[in-house]
Amino acid sequence: VLSTKTKKDMDHFEINKENFDLELLLKYLRDRSAEQGLESANSGVSFKDLTCWGIDASAAHGPSVTEMSIEYLTWWKKFQKDSRPQRKIIQNFVGVLEPGEMVLCLGKPGAGCSSLLKAVAGEIENFTKVEGTFSYDGLDQEEMMKKYKGYVVYNPELDFHFPYITVKETIQLALRCKTPEKRVDNMSREEYVDNMLRVSTTKIGNDFVRGVSGGERKRVSIVEALALNASVYCFDNATRGLDASTALEFTQCLRTATNMLGCSAFVAIYQAGQNIYELFDKVAVLYKGRQIFWGPAEQGVAYFERMGYMKPSRMTAPEFLTAVTSPSSRQIQPGFEGKVPESSDEFAEYWINSPEYAKLMSEMDAFDQEHNGDETRARLDIVNKQRKQRGNRQSSQFMVTYWSQLYYLMLRGFQRTKGNFTYTIVYVSSFVTKGFVVGSMYYHIPKSTDGAYSRGGILFYVLLFCSVTSLAEIANSFSTRNILVKQKSYSMYHLSAEALQEIITEFPTKLVAVVILALTTYWMPNLRHTAGGFFMYLLFLLTIQQCMSFTFKCVATVTKD
1 VLSTKTKKDM
11 DHFEINKENF
21 DLELLLKYLR
31 DRSAEQGLES
41 ANSGVSFKDL
51 TCWGIDASAA
61 HGPSVTEMSI
71 EYLTWWKKFQ
81 KDSRPQRKII
91 QNFVGVLEPG
101 EMVLCLGKPG
111 AGCSSLLKAV
121 AGEIENFTKV
131 EGTFSYDGLD
141 QEEMMKKYKG
151 YVVYNPELDF
161 HFPYITVKET
171 IQLALRCKTP
181 EKRVDNMSRE
191 EYVDNMLRVS
201 TTKIGNDFVR
211 GVSGGERKRV
221 SIVEALALNA
231 SVYCFDNATR
241 GLDASTALEF
251 TQCLRTATNM
261 LGCSAFVAIY
271 QAGQNIYELF
281 DKVAVLYKGR
291 QIFWGPAEQG
301 VAYFERMGYM
311 KPSRMTAPEF
321 LTAVTSPSSR
331 QIQPGFEGKV
341 PESSDEFAEY
351 WINSPEYAKL
361 MSEMDAFDQE
371 HNGDETRARL
381 DIVNKQRKQR
391 GNRQSSQFMV
401 TYWSQLYYLM
411 LRGFQRTKGN
421 FTYTIVYVSS
431 FVTKGFVVGS
441 MYYHIPKSTD
451 GAYSRGGILF
461 YVLLFCSVTS
471 LAEIANSFST
481 RNILVKQKSY
491 SMYHLSAEAL
501 QEIITEFPTK
511 LVAVVILALT
521 TYWMPNLRHT
531 AGGFFMYLLF
541 LLTIQQCMSF
551 TFKCVATVTK
561 D
């Protein structure tokens, strides 16, 4: 029981999940880290005149096969200016968040909350252009994303996980890839990971695979993100699929983490309760891509009431702030008809001319003066030196070495194979069945010229079968793409390490299947009875299967969703 343990008792870091006190635990970790000289990577964020451009959805369309082919054949045009119509997704945003603060982003779907969070986290690949300046305690976004990307995390709204591995195995990989080299009380890597894991051994599952519920899957996504030990968190619709009590519990845990560890958090919630709202330091209100308020959470309601809108007595603060952006839901105070802003541009103009905006600009100036880029760079370099595994490059954005990444990914690869063992059985069984069927069809081919046509036929069929079975690689690559992209953005591992482990972990299954196929389709048809002939036959089957597998994976990789 943490509430009754002394500091000496806590040396072994044993957690009783029946009486878990997160605040005491984080306070202990913070104090012990400070005592042992472990630097903190916490940082704040400020941005000014942030504008993100994207392709106008009204002009977008699904390309035909011909258009896709032409696009790949004229690849150099990607470096030319895009001629498709563009529009501003978010426009002229400003804001500042100090270390240890949380901001709640409110707005109706399509207001730009997700785009704001992606821009802050550096996930800007889907934008055609990003304007404005960022400051991460004095560092610009380009340097932060290049050298310290792992300290800024964007947790997407949808949950992407490998469905056939368990909750424990999912979080285990995140912990292994982010375990610092220097740890509190010099714990070993195994102790660090095991002490952090007190989770279920149930499969994650998805819409087609039975596993944990949607709400539990969202909790796994949140825990996976928090396990990364980042400085800035961006949670997009973090309470999606959670009940009210669990959503409050998540927000309280995040509030405790920001208070104790000094990290900062951007959280977008579309249906926030009053008790959740009161846990945030600041609130940002968005309306059709325009920022109409950014300030202390306790001042949000008063700002819009002063503007001329009326808050019903039974309406919570977050409901009121969201309703203001909906013409059918907002209510105007008597005497303010025709005087209050109504369009998003009018709201933005009112905001820019407000005293709250002027105060925000002065806070941003103070933030920029207080935080020096050179000092932040030196501090984060020390953190990298303390956290990165021995032998890893200091300029690398990954915490562990490439070979450690490959080892951990191979473990997950075998876990995926074990979790979906039915597929392995069906895959090998198909080779066994085809082998006996084809072998019996061409049983004892004559060695004379009368059997030449039959020998050519069986060789062609077997090579074709080994090639066609690799078509499944395309569907598998598409199904895992979002997962790999997410974990790459978390700076967990190189994608090349994942590709390499896939080759290694899949090879035993493919080897067994091809060997069985080779045995039945070589000896039953009475081909040349020599060891050299058989092993050459086996070599060609393995080679053609691997080559076609790599080809289909390559096609799936370069093809858009």
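When we follow full-length UniProt numbering, the leftmost residue of the sequence shown carries the number 1, and every step to the right adds one. For glycine and all other residues, C-beta sits at the position ideal for the given N, C-alpha and C.
- Look at T322 here: in three-state DSSP terms it is helix.
- Beta-bridge analysis with DSSP links W294 to A284.
- The alpha carbon of E143 has as its nearest neighbour, out of E131, S328, L380, K553, the alpha carbon of L380.
- Here the region 96-109 makes contact with the region 258-275; the two share three or more CB pairs at distances below 8 Å.
- The three-state reading of DSSP puts M102 in strand, counting E and B together.
- The continuous stretches of alpha helix (DSSP H) do not include A41, and DSSP gives it neither H nor E.
- Assignment of G456 by DSSP, reduced to helix, strand and coil, places it in the helix class.
- Bounds of the beta strand (DSSP E) holding L97 are 86-97.
- Under DSSP, F235 forms a beta bridge with N155, V267.
- Annotation: the continuous beta strand (DSSP E) that includes V130 extends over 129-135.
- In the three-state scheme derived from DSSP, where H, G and I count as helix and E and B as strand, L500 is classed as helix.
- Counting only the Cα atoms, K447 lies some 25 Å from T433.
- For D243, the three-state secondary structure derived from DSSP is coil.
- Annotated three-state conformation of F47 is strand, per DSSP.
- W403 has its alpha-carbon roughly 23 Å from the corresponding atom of S477.
- Distance from the CA of V209 to the CA of M364, rounded to the nearest whole angstrom, comes to 48 Å.
- Judged by DSSP in its simplified three-state form, G435 adopts helix.
- The residues Q274, Y277, G300, V301, in chain order, have a CB closer than 7 Å to that of A317 in the same chain once the five nearest residues on each side in sequence are set aside.
- Less than 8 Å divides the Cβ of T246 from the Cβ of G215.
- Distances from the CA of V462 to each of A531, L541, D374, S343 were compared; the closest alpha carbon is that of L541.
- Unbroken alpha helix (DSSP H) runs of no fewer than 4 residues, entirely contained in the region 383-443, are found at 402-419, 421-441, following chain order.
- By the beta-carbon neighbour count (other beta carbons within 10 angstroms, threshold 16), I89 is buried.
- One thing to note: D236 has its Cβ within 8 Å of the Cβ of E157.
- Annotation for N526: H444, I445 place their beta carbon closer than 6 Å to its own, counting only its chain and skipping 5 residues before and after.
- In this model, I544 and T133 are separated by some 52 Å (Cα to Cα).
- Residue environment for M260: buried (at least 16 other C-beta atoms within 10 angstroms of its C-beta).
- Only residues of its own chain outside the window of five on either side were considered, and among them D381, N384, K385, K388 have a CB closer than 8 Å to the CB of Q394, listed in chain order.
- According to the DSSP assignment, F534 belongs to the alpha helix (DSSP H) that extends over 531-558.
- A distance below 7 Å between beta-carbons, with the five flanking residues on each side excluded, links F465 to the following residues of its chain, in chain order: K434.
- Between the alpha carbons of T166 and R217 lies a distance of about 11 Å.
- Here L409 is buried. Its C-beta has 16 or more other C-beta atoms within 10 Å.
- Excluding the 5 residues flanking it on each side, V340 has same chain C-beta neighbours closer than 7 Å at M307, G308, Y309, I332, in chain order.
- The alpha-carbon separation between R219 and Y233 amounts to approximately 15 Å.
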